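Report on the following structure.
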Amino acid sequence: MNHLPRFVRCTSGFTSSMLVCSLCILGGCGEEEIEVYEAPQPAIASNTAHDPNDGQDHSGHDHAMHASEPAAADNSASTISGKFTVELPEGWQQTQPGSMILHSYQTASGADVNVSAFPGDVGGVAANVARWRRQLGLGPLTQDQLQSSIEQDKIGPIDANRVDIANDSQRMVVSFGMVDGKTWFIKLTGTSDQVQTALPKFDQFLKTVNWQ
Amino acid sequence: MKKILKKFASLRITVVVLIAGMMLVFAGTLAQTHMPIREAQKIYFQSFVVPIYLQNGTAIPVLPGGYTLGIIMVLNLLCAYLTTFKWTTKRMGVLLMHSGILMLLIGQLFTDLYSVESYVSLDHGQVKNYSESFHKNELVIIDTSNKDANDNPKDTQTVYSIPASKLVTGNMITDPRLPVSISVKEFMPNANIAMGENPRPTQGFGQRVIVQPAPPVKGDQQRNLACVYVDIIANGKNLGTWLLSSAFVNPDFIEINGREYAIHLRAKRYMMPMTLKLQEFKHERFTGTNVPMAFSSRLRLVDPIQHEDRELTISMNQPLRYDGKTFYQASFANDDQTTILQVVRNPAAVLPYIACILVTLGMSWHFIAHFLKFFNKFVKQDTEVKA
Numbered sequence: 098m099n100h101l102p103r104f105v106r107c108t109s110g111f112t113s114s115m116l117v118c119s120l121c122i123l124g125g126c127g128e129e130e131i132e133v134y135e136a137p138q139p140a141i142a143s144n145t146a147h148d149p150n151d152g153q154d155h156s157g158h159d160h161a162m163h164a165s166e167p168a169a170a171d172n173s174a175s176t177i178s179g180k181f182t183v184e185l186p187e188g189w190q191q192t193q194p195g196s197m198i199l200h201s202y203q204t205a206s207g208a209d210v211n212v213s214a215f216p217g218d219v220g221g222v223a224a225n226v227a228r229w230r231r232q233l234g235l236g237p238l239t240q241d242q243l244q245s246s247i248e249q250d251k252i253g254p255i256d257a258n259r260v261d262i263a264n265d266s267q268r269m270v271v272s273f274g275m276v277d278g279k280t281w282f283i284k285l286t287g288t289s290d291q292v293q294t295a296l297p298k299f300d301q302f303l304k305t306v307n308w309q
Numbered sequence: 003m004k005k006i007l008k009k010f011a012s013l014r015i016t017v018v019v020l021i022a023g024m025m026l027v028f029a030g031t032l033a034q035t036h037m038p039i040r041e042a043q044k045i046y047f048q049s050f051v052v053p054i055y056l057q058n059g060t061a062i063p064v065l066p067g068g069y070t071l072g073i074i075m076v077l078n079l080l081c082a083y084l085t086t087f088k089w090t091t092k093r094m095g096v097l098l099m100h101s102g103i104l105m106l107l108i109g110q111l112f113t114d115l116y117s118v119e120s121y122v123s124l125d126h127g128q129v130k131n132y133s134e135s136f137h138k139n140e141l142v143i144i145d146t147s148n149k150d151a152n153d154n155p156k157d158t159q160t161v162y163s164i165p166a167s168k169l170v171t172g173n174m175i176t177d178p179r180l181p182v183s184i185s186v187k188e189f190m191p192n193a194n195i196a197m198g199e200n201p202r203p204t205q206g207f208g209q210r211v212i213v214q215p216a217p218p219v220k221g222d223q224q225r226n227l228a229c230v231y232v233d234i235i236a237n238g239k240n241l242g243t244w245l246l247s248s249a250f251v252n253p254d255f256i257e258i259n260g261r262e263y264a265i266h267l268r269a270k271r272y273m274m275p276m277t278l279k280l281q282e283f284k285h286e287r288f289t290g291t292n293v294p295m296a297f298s299s300r301l302r303l304v305d306p307i308q309h310e311d312r313e314l315t316i317s318m319n320q321p322l323r324y325d326g327k328t329f330y331q332a333s334f335a336n337d338d339q340t341t342i343l344q345v346v347r348n349p350a351a352v353l354p355y356i357a358c359i360l361v362t363l364g365m366s367w368h369f370i371a372h373f374l375k376f377f378n379k380f381v382k383q384d385t386e387v388k389a
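In the order they appear, the protein sequences are chains D and A. Position in the first sequence (from 1) plus 97 gives the number in this note's numbering. Position in the second sequence (from 1) plus 2 gives the number in this note's numbering.
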């Protein structure tokens, strides 16, 4: 190698060492380790509801109930959940939600309003309508009947569907729409009279819904 | 030694490696039609060999991977320089060009090894001082008591982060730094989730959620909903079984030795020294259409350590560079109420620029050297003709 310039001859050993090191680096990569670190609070206050992932106890509820409904598979969905906001119509009261319900209200007429959200389309519109009809003791609809029973609706800023199902005594009005991979259901249930009385304010309630 | 170097410097090796490289790129590109891009990259380009799997699960290597070809290419080039290259001023252009190509190869290797991509998703008015991984999860145990070991109040929360790669079914996770030991009963990389009574967990929200293992999602835009059943053991006592899922928005809470801990499976977080707040998100469309023209985020950046408190705008071609990371305007969601910023930390980001400069200089040198040679020859011939 005597024909090589002096600096190349001097550095060939170094070059070989670098290559060996590179191979060692390659071989040692990919192993993830347990980390312990101190997470500071953000340096600015937020305008929005709390980040549900921050591990902070903001709700004051019993700890066993802290975890909320599953979020959607969408990356941004976790920032949507928990930030459902709405203005309650006069005479309505917030009530304790059930295990699968995010928010529950009672209207002035005594009807119940439940808000829930689930990942995906929860089986699709036809399956959901069939389930609600079963709850009221009604049979399934044909495809044409199903299409005609679904009305266009709005839940706050989003486009939604509405179905109105009734038997002899009970009635159920459900508005449902998708926000970032999650289907939100807002359901008004009660006797026919209770639901009929509550409907105007239910429409007003839907207009004020937002996810902030 | 010289013989070995000469063998490695063979032009045949160069040709074989280049052909193998073309085949690899072709196969890797085709593979992206039936698997996610990141998966194809990992199998074809960020590997030493590309295997095919027989029906009985046996892996047979069919192609050298990107790392193997890269290493052979670098060795081949270096050996050629050490043995056959003529170190003259005229050849300096070729040397510069090859140095640039070497730097590109090495830069790509370092990018593969050390770059980290994540995202910050901000609703209007929301603040965050962390970014989240697109695909990696972590099981975190967070000491929410805001007290140090001596019960003195502190502003930070201690986070114990266990990478999801350690959540292997049957694994027992113990570490002297952790406040608990964790026995992994079953890990599901992806699952279908529905509300309903689940008898398997004895603690936490997971008792109300039914999970069914599902094959991992294929698309790059989708995220797996990882779930894990774990037993938590503290002070030698089994506290029960929890079902944790990256789909759960909120953590479960446990109390150990009078301290409250949040336990959660979530997207891996990367803490930032500064806090970002979304002031406004703008989504401009071409007039009369829904075709996006531009979108940008007006943010407030507060960094108490650097005494920074300023407003800035990140738009499609105007990223923010801060703390060694680049923040790109990547996407938006939620009826234009949420901005999604891609965060890239790449310590080798500058290498491709240097490589391009070297190649440009090399080509210029080479061109000028040849031009001068031709020009001198032309002048000489002209002089001879005139004479």
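Cβ coordinates follow ideal geometry from the N, Cα and C atoms, glycine included. Given the structure is predicted, the values throughout are model-derived calculations rather than measurements.
| query | result |
| --- | --- |
| Identify which residue in A:ASP311, A:SER135, A:ASN292, A:ALA236 has its Cα closest to the Cα of GLU226 of chain A. | Just to set this straight, residue 226 of chain A is Asn in the shown sequence, not Glu. Answer by Cα proximity: A:SER135. |
| Could you work out which residues of chain A lie near GLN138 of chain D, taking near to mean beta carbons separated by less than 7 Å? | ASP157 |
| Can you give me the Cβ contacts of LYS284 of chain A inside the same chain, cut-off strictly under 7 Å, excluding the 5 residues immediately before and after it? | PHE297, SER298 |
| Measuring only the C-alpha atoms, how far is GLN48 of chain A from THR171 of chain A? | 26 Å |
| Any idea what DSSP makes of GLN395 of chain D, helix, strand or coil? | No information on residue 395 of chain D is available, as it lies outside the stretch 98 to 309 that chain D covers here. |
| Enumerated in chain order, which unbroken segments of the beta strand (DSSP E) with a length of 3 residues or greater are wholly contained in the segment 186-270 of chain D? | 190-192, 200-203, 209-216, 247-252, 255-263 |
| Starting from ARG302 of chain A, find everything on chain D with Cβ-Cβ shorter than 7 Å and list it in chain order. | ILE141 |
| On the DSSP bridge assignment, give the partners of PRO201 of chain A in chain order. | Note: PRO201 of chain A sits in no beta bridge, so no partner. |
| So for PRO253 of chain A, helix, strand or coil by DSSP? | coil |
| Could you pull the DSSP bridge partners for ALA264 of chain A from this structure? | A:ILE144, A:PHE255 |
| Would you say ASP384 of chain A lies against chain D (beta-carbon separation less than 8 Å)? | no |
| Along the chain, where does the alpha helix (DSSP H) that runs through LYS379 of chain A open and close? | 353-388 |
| Can you tell which of A:LEU84, A:THR291, A:ASN139, A:GLN281 has its C-alpha closest to the C-alpha of LEU267 of chain A? | A:ASN139 |
| Take the Cβ of GLN244 of chain D as the centre, count every other Cβ of all protein chains shown within 10 Å, and call the residue buried at 16 or more, exposed below. | exposed |
| Three-state secondary structure (DSSP) at ILE15 of chain A? | helix |
| Using a Cβ-Cβ distance under 8 Å, would MET174 of chain A count as near chain D? | no |
| Which residues in the same chain have their Cβ closer than 7 Å to the Cβ of LEU314 of chain A, if we skip the five residues on either side of it in sequence? | LEU301, LEU303, LEU322 |
| So with Cβ pairs under 8 Å, would you call SER49 of chain A a contact of chain D? | no |
| By alpha-carbon positions, which one of D:MET269, D:ALA214, D:ALA224, D:ASN225 ends up nearest to GLN293 of chain D? | D:MET269 |
| Quick check: what's the CA-CA separation for SER317 of chain A versus TRP308 of chain D? | 24 Å |
| Does any residue of chain D bring its CB to less than 8 Å from the CB of ARG93 of chain A? | no |
| Does the beta carbon of GLN252 of chain D come closer than 8 Å to any beta carbon on chain A? | The displayed chain sequence assigns Ile, not Gln, to residue 252 of chain D. No, ILE252 of chain D lies away from the interface with chain A (no Cβ there is under 8 Å from its Cβ). |
| If the criterion is Cβ atoms closer than 8 Å, does the pair ILE141 of chain D and THR277 of chain A meet it? | yes |
| Along chain D, which residues have their Cβ under 7 Å away from the Cβ of ILE164 of chain A? | ILE131 |
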